[in-house]
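Peer 1: Those protein sequences? They're chains V and R, same order as listed.
According to the numbering used here, the first sequence is numbered sequentially starting from 1.
According to the numbering used here, the second sequence is numbered sequentially starting from 257.
Below is a structure I'd like to ask you about.
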Amino acid sequence: MDQDVPSFALEVRGLTKSFEKPAVDGLDLSVRTGEFYTLLGPNGAGKTTTLRMITGLLKPDRGSIAVFGIDALADPVAAKQITAWLSEEPMIYDKLTPMEYLEFVAGLWSVDSRLAAARARELIGWLGLETHANDRCEALSRGMRQKVALAGALLHEPRLIILDEPFTGLDAGSARLVRSVLRERVHAGCSVIMTTHILDVAERMADRIGVMVAGRFLAEGNLDDLRRQAGAGDGDLEDTFLTLLETGAAKRAVVA
Amino acid sequence: MSGRRRSVRRAALGVIAIALFLHGFAYLVLHRYGDLSRPPDQRMLAVVTAMLALYGSLMVSQAMERVTRAFYGRTDLDLILASPVAAWRLFAVRIGAIAVTIAAMSLALAAPFIDVLSWFGGVRWLAAYGVIAALAMVGLALAMILTVGLFRTIGPRRTRLCAQIVAAIIGASFAIGVQFAAILSYGTPSRVALLQSEALTKYVPDVGSILWWPRAPCSAICSRSQPSWALVLSC
Numbered sequence: 001m002d003q004d005v006p007s008f009a010l011e012v013r014g015l016t017k018s019f020e021k022p023a024v025d026g027l028d029l030s031v032r033t034g035e036f037y038t039l040l041g042p043n044g045a046g047k048t049t050t051l052r053m054i055t056g057l058l059k060p061d062r063g064s065i066a067v068f069g070i071d072a073l074a075d076p077v078a079a080k081q082i083t084a085w086l087s088e089e090p091m092i093y094d095k096l097t098p099m100e101y102l103e104f105v106a107g108l109w110s111v112d113s114r115l116a117a118a119r120a121r122e123l124i125g126w127l128g129l130e131t132h133a134n135d136r137c138e139a140l141s142r143g144m145r146q147k148v149a150l151a152g153a154l155l156h157e158p159r160l161i162i163l164d165e166p167f168t169g170l171d172a173g174s175a176r177l178v179r180s181v182l183r184e185r186v187h188a189g190c191s192v193i194m195t196t197h198i199l200d201v202a203e204r205m206a207d208r209i210g211v212m213v214a215g216r217f218l219a220e221g222n223l224d225d226l227r228r229q230a231g232a233g234d235g236d237l238e239d240t241f242l243t244l245l246e247t248g249a250a251k252r253a254v255v256a
Numbered sequence: 257m258s259g260r261r262r263s264v265r266r267a268a269l270g271v272i273a274i275a276l277f278l279h280g281f282a283y284l285v286l287h288r289y290g291d292l293s294r295p296p297d298q299r300m301l302a303v304v305t306a307m308l309a310l311y312g313s314l315m316v317s318q319a320m321e322r323v324t325r326a327f328y329g330r331t332d333l334d335l336i337l338a339s340p341v342a343a344w345r346l347f348a349v350r351i352g353a354i355a356v357t358i359a360a361m362s363l364a365l366a367a368p369f370i371d372v373l374s375w376f377g378g379v380r381w382l383a384a385y386g387v388i389a390a391l392a393m394v395g396l397a398l399a400m401i402l403t404v405g406l407f408r409t410i411g412p413r414r415t416r417l418c419a420q421i422v423a424a425i426i427g428a429s430f431a432i433g434v435q436f437a438a439i440l441s442y443g444t445p446s447r448v449a450l451l452q453s454e455a456l457t458k459y460v461p462d463v464g465s466i467l468w469w470p471r472a473p474c475s476a477i478c479s480r481s482q483p484s485w486a487l488v489l490s491c
């Protein structure tokens, strides 16, 4: 590995955010360079809040965030320059075509217009959107809109890709396509951190998995590590995950 | 003639017809007030002030609704705020756009009245254009303070609903309040009747009062004083 490349794409220390009650509670999280990391957890576990803080959309109450060694709280612009964010329900402008949308996004990241047009064509091709490249986005299905948004997220060639439920609403073919694009990005040296409720996807794609409950990690590691922590034998991720939640809930009940 | 040209021509004719109608309506409303070029007396100042307050409250109401949407609606904020574009630039552009929209809407409604007033009452009434533009800025600033205050006090979840309710109350309370008082006091729904009544006039400050200072630049326009326009805008 290149000596100049930091070994961690993302380092989060003591991240805390409260709304009416604590949403993220002193979270420590590290994602290595070239790693595919998945955050799992039940609804309200604090996954999206964590990602929104890393992306700079929410200000943490406490803690630090470093993206490839850049302090994302002190220098958010530099961190955002190398980061991509794709929310669960990404907003794309209905009256623009996918090509126009990508041109707009390229402007936000100050990508040279000729380079942006070439990359946009390439991404549109990868994601199978050629026949809709010049249709208005309002005419596209949810899955296609999701793919356009993903193309927008990848346009500036980010080094850290942050995805919140990217497979929601995608049909099997589209999901496979998106998985292959993400895998290709990881092979190219990008790091990905993603939340999902589709455990099958997490099991197949993630190098490491973090299971969050009530703003904290219940368990973290690869599938074998999680199995060990859950004491769940050789079960698949779904079994392991559910066992972890049950034991975690039991422990919390004892503490309470 | 191409279809596009024909539709543009139709739209232009429609705009002209609406403008003529609104000017006619403004004339019907204003012509019964006699000599509009006379120096302003207490009654005229009371009516103009009340109309500006009415406009101002409507502007604040409109601005609050738009500020809530621009600041706290998810819409495209995630996309833009996750990019390296400085947040202050985004919000400066959006605040500017809100100011322009509100001023344009208010001016479109007020323009026929201002035009008729200046035609029959002298060029000094044209200062109202500047006053309304300035009022839009003040209204927007007030709306931002109110909306951000609500956000800090009651949190993000309830801000939108609350801002809409507060906006509706602000927008309606002045207009309805004056009308209600007019009906109770004089048995007429006319707000102007109340504003020009003897009962109210005795509480209105004298024409020479410092409280009427903002009208000074407008009056100065009448005497062709050059810095007066700058003063109008600064008010």
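All C-beta atoms, glycine included, are put in the ideal place defined by N, C-alpha and C.
The model shown is predicted, which means the values in this text are computed figures rather than measured ones.
How do the region 44–57 of chain V and the region 112–121 of chain V stand: do at least 3 beta-carbon pairs fall below 8 Å, yes or no?
Peer 2: Touching, no.
Peer 1: Closer than 8 Å by C-beta to Leu276 (chain R): which residues in its own chain qualify, once you throw out the five before and the five after it? Chain order, please.
Peer 2: Around Leu276 (chain R): no qualifying Cβ.
Peer 1: Output needed for Gln482 (chain R): all residues of its chain with C-beta closer than 8 Å, excluding positions within five of it in sequence on either side, in chain order.
Peer 2: Its pLDDT being 48, under 50, Gln482 (chain R) is placed unreliably by the model, and the measurement read from it follows with that caveat. If we look at Gln482 (chain R) and ignore the five residues flanking it on each side, it has no Cβ neighbours.
Peer 1: For Lys47 (chain V), which residues in chain R fall below 7 Å Cβ to Cβ?
Peer 2: Correct list: empty, because the minimum Cβ distance to chain R is about 16 Å.
Peer 1: Within the continuous alpha helix (DSSP H) that includes Tyr289 (chain R), where are the two ends?
Peer 2: Run containing Tyr289 (chain R): none; DSSP gives neither H nor E here.
Peer 1: Which residues mark the beginning and the end of the beta strand (DSSP E) in which Met205 (chain V) is found?
Peer 2: Per DSSP, Met205 (chain V) belongs to no beta strand (DSSP E); it is in the alpha helix (DSSP H), 199–205.
Peer 1: State the beta-bridge partners of Met194 (chain V) as determined by DSSP.
Peer 2: Per DSSP, V:Thr38, V:Leu163.
Peer 1: Classify Ala275 (chain R) as helix, strand or coil using the three-state DSSP reduction.
Peer 2: Ala275 (chain R) falls in the helix class under three-state DSSP.
Peer 1: State yes or no: is the beta carbon of Ala273 (chain R) nearer than 8 Å to at least one beta carbon in chain V?
Peer 2: Ala273 (chain R) does not count as touching chain V.
Peer 1: Distance check for Asp297 (chain R) and Leu489 (chain R), CA to CA, integer angstroms please.
Peer 2: Residue placement at Leu489 (chain R) cannot be trusted, given a pLDDT of 47 that sits under 50; what the coordinates show is reported in the next sentence. Cα to Cα, Leu489 (chain R) sits roughly 23 Å from Asp297 (chain R).
Peer 1: Can a CB atom of chain V be found closer than 8 Å to the CB of Ile336 (chain R)?
Peer 2: Chain V, which has a Cβ nearer than 8 Å to the Cβ of Ile336 (chain R), makes this yes.
Peer 1: The region 17–36 of chain V: which residues have C-beta closer than 7 Å to a C-beta of chain R, in chain order?
Peer 2: Within the region 17–36 of chain V, no residue qualifies.
Peer 1: Less than 8 Å between the beta carbons of Glu321 (chain R) and Ala389 (chain R), yes or no?
Peer 2: Against a cut-off of 8 Å, the Cβ pair of Ala389 (chain R) and Glu321 (chain R) comes out as no contact.
Peer 1: Given a cut-off of 8 Å, decide if Ala149 (chain V) and Leu86 (chain V) are closer than it, judged by their beta-carbon atoms.
Peer 2: Going by C-beta atoms, Leu86 (chain V) is nearer than 8 Å to Ala149 (chain V).
Peer 1: Chain R beta carbons: is any one of them nearer than 8 Å to that of Thr55 (chain V)?
Peer 2: True, the Cβ-Cβ gap to chain R drops below 8 Å.
Peer 1: Beta-carbon of Lys95 (chain V) versus every beta-carbon of chain R: anything under 8 Å?
Peer 2: No, no contact with chain R.
Peer 1: In this structure, how does DSSP classify Ser64 (chain V) when only helix, strand and coil are distinguished?
Peer 2: Note: Ser64 (chain V) maps to strand in three-state DSSP.
Peer 1: Between the C-alpha atoms of Phe407 (chain R) and Ile401 (chain R), what's the straight-line distance to the nearest angstrom?
Peer 2: For Phe407 (chain R) and Ile401 (chain R), the distance between alpha carbons rounds to 10 Å.
Peer 1: Are the C-beta of Leu108 (chain V) and some C-beta of chain R separated by less than 8 Å?
Peer 2: By this cut-off, Leu108 (chain V) is an interface position.
Peer 1: If Thr49 (chain V) and Lys17 (chain V) are in contact, beta carbons under 8 Å, what's the gap, nearest whole angstrom?
Peer 2: The pair is a contact, with the Cβ atoms about 6 Å apart (cut-off 8 Å).
Peer 1: Find the residues of chain V that neighbour Asp332 (chain R), judging by a C-beta separation of less than 9 Å, and give them in chain order.
Peer 2: Chain V residues near Asp332 (chain R): Met91, Ile92, Tyr93.
Peer 1: Buried or exposed for Glu11 (chain V), going by 16 or more other Cβ atoms inside 10 Å?
Peer 2: Answer is buried; the Cβ neighbour count reaches 16.
Peer 1: Could you tell me the distance, in whole angstroms, from the CA atom of Tyr459 (chain R) to the CA atom of Met361 (chain R)?
Peer 2: Straight-line Cα distance between these residues: approximately 33 Å.
Peer 1: Run through chain V and tell me which residues come within less than 7 Å of Ser339 (chain R), C-beta to C-beta.
Peer 2: Under the 7 Å cutoff, chain V gives Lys80, Leu108, Trp109.
Peer 1: Tell me which residue opens and which closes the beta strand (DSSP E) that Leu467 (chain R) is part of.
Peer 2: Careful: Leu467 (chain R) lies outside any beta strand (DSSP E) and carries neither H nor E.
Peer 1: Would you mind stating whether Gly311 (chain R) and Leu391 (chain R) have Cβ atoms separated by less than 8 Å?
Peer 2: The question names Gly, yet the displayed sequence has Tyr at residue 311 (chain R). A contact, by the Cβ cut-off of 8 Å.
Peer 1: Could you please give the first and the last residue of the uninterrupted beta strand (DSSP E) stretch that includes Leu10 (chain V)?
Peer 2: Looking at the DSSP string, the run of the beta strand (DSSP E) that includes Leu10 (chain V) is 8–18.
Peer 1: Identify the continuous beta strand (DSSP E) that holds Trp85 (chain V) and give its terminal residues.
Peer 2: Here the beta strand (DSSP E) through Trp85 (chain V) covers 83–86.
Peer 1: Determine contact between the region 372–379 of chain R and the region 280–297 of chain R, defined as no fewer than three beta-carbon pairs at a distance below 8 Å.
Peer 2: Yes, the region 372–379 of chain R is in contact with the region 280–297 of chain R.
Peer 1: Three-state secondary structure (DSSP) at Arg216 (chain V)?
Peer 2: If DSSP states are grouped into helix, strand and coil, Arg216 (chain V) belongs with the strands.
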